[in-house]
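> Take this note's numbering: the final residue in the sequence shown is number 437, and no numbers are missing along the way. Note that CB positions come from ideal geometry on N, CA and C, so glycine has one too.
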Amino acid sequence: MPPFHSISRKRLRHASLFLAGSLCLGAAPALQAADAPATASAPSKAQLLPGKIVYAQLTTPDLKSAKAFYGSLLGWTFQDVPVSKGQYAQALVNGAPVAGLVELPRMAHHGDPLWLPFISVSDVKAAAEATKIWGGHILFKPQMVEGRGHETVLADPQGGLFAALHSSAGDEPDVETPPAQGTWIWSALLTNNPYAAAGFYQKLFGYTVEAVQDATRGTAYLLESQSFARATINPLPARLPEGAHARWMNFVQVDSVDAAAKKAVTLGGTILVQPHPDRQNTTIAIVADPAGAAFGLMEWHDPNASGDAK
Numbered sequence: 128m129p130p131f132h133s134i135s136r137k138r139l140r141h142a143s144l145f146l147a148g149s150l151c152l153g154a155a156p157a158l159q160a161a162d163a164p165a166t167a168s169a170p171s172k173a174q175l176l177p178g179k180i181v182y183a184q185l186t187t188p189d190l191k192s193a194k195a196f197y198g199s200l201l202g203w204t205f206q207d208v209p210v211s212k213g214q215y216a217q218a219l220v221n222g223a224p225v226a227g228l229v230e231l232p233r234m235a236h237h238g239d240p241l242w243l244p245f246i247s248v249s250d251v252k253a254a255a256e257a258t259k260i261w262g263g264h265i266l267f268k269p270q271m272v273e274g275r276g277h278e279t280v281l282a283d284p285q286g287g288l289f290a291a292l293h294s295s296a297g298d299e300p301d302v303e304t305p306p307a308q309g310t311w312i313w314s315a316l317l318t319n320n321p322y323a324a325a326g327f328y329q330k331l332f333g334y335t336v337e338a339v340q341d342a343t344r345g346t347a348y349l350l351e352s353q354s355f356a357r358a359t360i361n362p363l364p365a366r367l368p369e370g371a372h373a374r375w376m377n378f379v380q381v382d383s384v385d386a387a388a389k390k391a392v393t394l395g396g397t398i399l400v401q402p403h404p405d406r407q408n409t410t411i412a413i414v415a416d417p418a419g420a421a422f423g424l425m426e427w428h429d430p431n432a433s434g435d436a437k
């Protein structure tokens, strides 16, 4: 499955370290397990890139509406996947899988709709046990999922939800080519304790961590593996209430953030953070789909593209 677009150090030094700093977050949702396809065989020995964010899955109360929204906004196409209960669809970009969409009823114990990042790991069971030891929680025990691999859904000590995945097909190699419209480009964890969160994810996934100071926004942390930037850990905005839970924010590459944000509204979505310039030749915005699942829009222009073409 195509990964989030990772950025090497030589092309993007600090990788938009303070993305989504003004996002207003609510309480962290209590994720309900999606009905998974049938159990598959053990993961293959294909190449894995631990720490790489390789997939994302949307939990939504209305799959039909979600497909219409993301299809119109991002150009995604969809393939329905038979499951024993509920509904599941795979989103495609240029025929390649980019995300999964799971329909779950809007009930209190299901929590709010959200996008869940999947992070590559060599040993899912070990990651789950380590998460408990280091103060996190196992929300759904490790299981085999046909067509995807061995996975578990976890929460970090500050409440940030994510999945750990050992892909049965291995992880796609990192490439230097610019990301295509409609593909994932970046992820940022917003948390009330970036230092502790950086230590947790470093131990769990073996990241190299770099602290970056900012006089107005506090310290952020860049997570790297295999010499590629994978994500950042950012402070929660100061205006949020004390005790606000952490949350991962995933960004999609678009040709125009301004146009995409406006279109999201016409399709029934909401702009949470208006389009604005960010670091490293990027423009970003935060939007929510009609059900309330938040995600980022990013317009990134490779500063080396013109030079490489010469």
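In chain order, what residues of the same chain lie with their CB nearer than 7 angstroms to the CB of residue 148, ignoring the 5 residues before and after it?
The predicted position of residue 148 is uncertain, since its pLDDT is 41 and thus under 50; a value taken from the coordinates is nonetheless stated next. For residue 148, where only same-chain residues beyond five positions count, the Cβ hits under 7 angstroms are 344, 361 and 364.
> For residue 380, which residues does DSSP report across the bridge?
425
> Pick out the complete alpha helix (DSSP H) segments inside the stretch 176–247, 4 residues or longer, and give them in chain order.
190–201
> Is the Cβ-Cβ distance between residue 226 and residue 184 less than 8 angstroms?
Yes.
> Sorted by chain position, which residues of the same chain lie with C-beta nearer than 6 angstroms to residue 335's C-beta, five sequence neighbours on each side aside?
Close CB contacts of residue 335 within its chain, under the 6 angstroms cut and outside five residues either way in sequence, are with 351 (chain order).
> Could you check what DSSP says for residue 155 in three-state terms: helix, strand or coil?
Low per-residue confidence applies at residue 155: pLDDT is 38, beneath 50, and the placement is therefore not dependable, though the value from the model is reported in the following sentence. Looking at residue 155 - three-state DSSP - the assignment turns out to be coil, as it is neither helix nor strand.
> Output needed for residue 189: all residues of its chain with C-beta closer than 8 angstroms, excluding positions within five of it in sequence on either side, in chain order.
230, 417 and 418
> Once DSSP output is grouped into helix, strand and coil, what is the label at residue 283?
coil
> Taking residue 346 as the reference, which of 292, 356 and 325 has the closest Cα?
325
> Does the beta-carbon of residue 283 have 16 or more other beta-carbons within 10 angstroms, so that it is buried, or is it exposed?
It counts as buried.
> Give the range of the beta strand (DSSP E) segment to which residue 336 is assigned.
335–339
> Pick helix, strand or coil for residue 300, following the three-state DSSP scheme.
coil
> Among the candidates 374, 321, 394 and 286, whose CA atom is the shortest distance from the CA of residue 349?
321
> Roughly how many angstroms separate the alpha carbons of residue 160 and residue 267, rounded to a whole number?
Confidence at residue 160 is low in this model, with a pLDDT of 40, below 50, so the placement of that residue should be treated as unreliable; the coordinate-derived value is given next. Taking the straight line joining both Cα atoms gives about 7 angstroms.
> Looking only at its chain, what residues have a beta carbon closer than 7 angstroms to the beta carbon of residue 259, apart from the 5 residues adjacent to it on each side?
265
> Could you give the residue range of the beta strand (DSSP E) that holds residue 358?
355–362
> Would residue 244 and residue 377 qualify as a contact pair, given that the criterion is a beta-carbon distance under 8 angstroms?
yes
> What residue range does the alpha helix (DSSP H) around residue 256 cover?
251–260
> Check whether the Cβ atoms of residue 413 and residue 394 lie closer than 8 angstroms to each other.
At the C-beta level, residue 413 and residue 394 stay beyond 8 angstroms of one another.
> Considering only their Cβ atoms, is the gap separating residue 204 from residue 240 smaller than 8 angstroms?
The Cβ atoms of residue 240 and residue 204 do not sit closer than 8 angstroms to each other.
> Alpha carbon to alpha carbon, how far is residue 372 from residue 319?
Going by the C-alpha atoms only, they are around 7 angstroms apart.
> Is residue 216 near residue 207, with beta carbons less than 8 angstroms apart?
Inclusion of residue 216 and residue 207 in the CB contact set at 8 angstroms is warranted, their separation being smaller than that value.
> Rounded to whole angstroms, what is the Cα-Cα separation between residue 385 and residue 402?
6 angstroms
> Does DSSP put residue 394 in a helix, in a strand, or in coil?
Secondary structure of residue 394 (DSSP, three-state): coil.
> May I ask which residues mark the beginning and end of the beta strand (DSSP E) holding residue 321?
That residue, residue 321, is in no beta strand (DSSP E); its alpha helix (DSSP H) goes 321–332.
> Let me check understanding here. Comparing Cα to Cα, which of 210, 329, 202 and 359 lies closest to residue 340?
359
> Give the single residue among 310, 305 and 328 whose Cα lies nearest to the Cα of residue 316.
328
> Which whole-angstrom value is the C-beta distance of residue 276 and residue 292, which I expect to be below 8 angstroms?
6 angstroms
> Against chain C, with Cβ distances strictly below 8 angstroms, would residue 329 count as a contact?
Checking the listed chains, one finds no chain C in this structure; it contains a single protein chain.
> Are the CB atoms of residue 280 and residue 290 within a distance shorter than 8 angstroms?
Result yes, Cβ atoms of residue 290 and residue 280 sit closer than 8 angstroms.
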